[in-house]
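Numbering (the UniProt record's numbering), first residue to last: 1 to 257. Notes for the one structure printed next.
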């Protein structure tokens, strides 16, 4: 896990799979009247041109690769939004008029399996270290002023927990076997696969399955394993974030003097 050099940038390498995430934010009007006091969190995902063979060809392979990126982004977004990992109410600047729309863009740089794991780690690392601009509202006119980082300290996102994805593959010829953190070759030859997105509270934030059916006992076993993995990876994320914050503060002091 590598954070920086800019705030909100995270690169994760799992085996030969590499994912990079960056976060940005814009002030917009609320998307609906029912969520007039809530900001918005979006997750976009794409493959770089050299990430996998699909983008080297035109036609069906290319379309399938783009669809997989779209599905992966949707899975990560569900895991973050449905489980309320980010406090979207804190992204409201002026109820009914201005809220922050936060976008986490995930790019797959190299694909050799377990995309969801690498992408979820990169997304969480990016959101952990991103800081949105501070802003002020004129009480008389309702005018919103966005301050630069030099004028006022930028504000980190309020994150309640970190949804981490784990991938498991199943093979009909070996009942009961679940291959964790599969390679691309294992994923392609598997008869079924599931992606479990969990946090350190053992809460399932999202779930995705492809291929044949998976027995309930095997699914429960994967969820338990994914919970252990989430705790381990969350600790690594927090350690990396603490180191990044220490470097940020040190650089800030040097710049000030």
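Beta carbons are placed, not taken as given, at the ideal position from N, Cα and C, and that holds for glycine. On a predicted model such as this, the values are computed, not experimentally measured, just so you know.
What residue ranges within the UniProt domain "Exoribonuclease phosphorolytic" (7-133) form continuous beta strand (DSSP E) runs of no fewer than 3 residues, ordered along the chain?
Within the UniProt domain "Exoribonuclease phosphorolytic" (7-133), the complete beta strand (DSSP E) runs of at least 3 residues are 9-14, 17-28, 40-47, 92-94 and 98-110.
Have a look at the DSSP bridge pairing and note the partners of residue 178.
Beta-bridge pairing links residue 178 to 170.
Give the DSSP bridge partners of residue 207, in chain order.
196.
For the segment 28-39 and the segment 85-98, state whether three or more C-beta atom pairs, one from each stretch, are separated by less than 8 angstroms.
Taking 8 angstroms as the limit for Cβ pairs, the verdict is that the segment 85-98 does touch the segment 28-39.
Express the C-alpha separation of residue 65 and residue 59 in angstroms, rounding to a whole number.
Summary for residue 59: the model assigns pLDDT 47, below 50, so the residue's position carries little reliability; its value from the coordinates is reported in the next sentence. Approximately 10 angstroms between the Cα atoms of the pair.
To the nearest angstrom, how far is the alpha carbon of residue 227 from that of residue 122?
Cα to Cα, residue 227 sits roughly 18 angstroms from residue 122.
Take residue 218 and list the residues in its own chain whose beta-carbon comes closer than 8 angstroms to its own, dropping the five residues that flank it on each side.
So the qualifying residues of the chain are 170, 176 and 178.
Going by beta-carbon coordinates alone, are residue 197 and residue 165 separated by less than 8 angstroms?
Yes. Within cutoff.
List the endpoints of the continuous alpha helix (DSSP H) containing residue 188.
Per DSSP, residue 188 belongs to the alpha helix (DSSP H) from 184-189.
With a threshold of 16 other CB atoms inside 10 Å of the CB of residue 111, please say whether the residue is buried or exposed.
Buried, by the Cβ-count rule.
Please look up how many angstroms separate the CB atoms of residue 191 and residue 14, rounded, as I've assumed it's under 8 angstroms.
With a Cβ gap of about 23 angstroms, residue 191 and residue 14 do not count as contacting.
Identify every residue that forms a DSSP beta bridge with residue 137.
Paired residues: 144.
Take the Cβ of residue 16 as the centre, count every other Cβ of all protein chains shown within 10 Å, and call the residue buried at 16 or more, exposed below.
Exposed.
What is the rounded straight-line gap between the Cα of residue 233 and the Cα of residue 201?
Whole-angstrom Cα-Cα distance: 13 angstroms.
Which partner residues does residue 165 have in the DSSP bridge list?
Looking at the DSSP assignment, residue 165 forms a beta bridge with 197.
Helix or strand or just coil, what does DSSP make of residue 3?
Note: residue 3 maps to strand in three-state DSSP.
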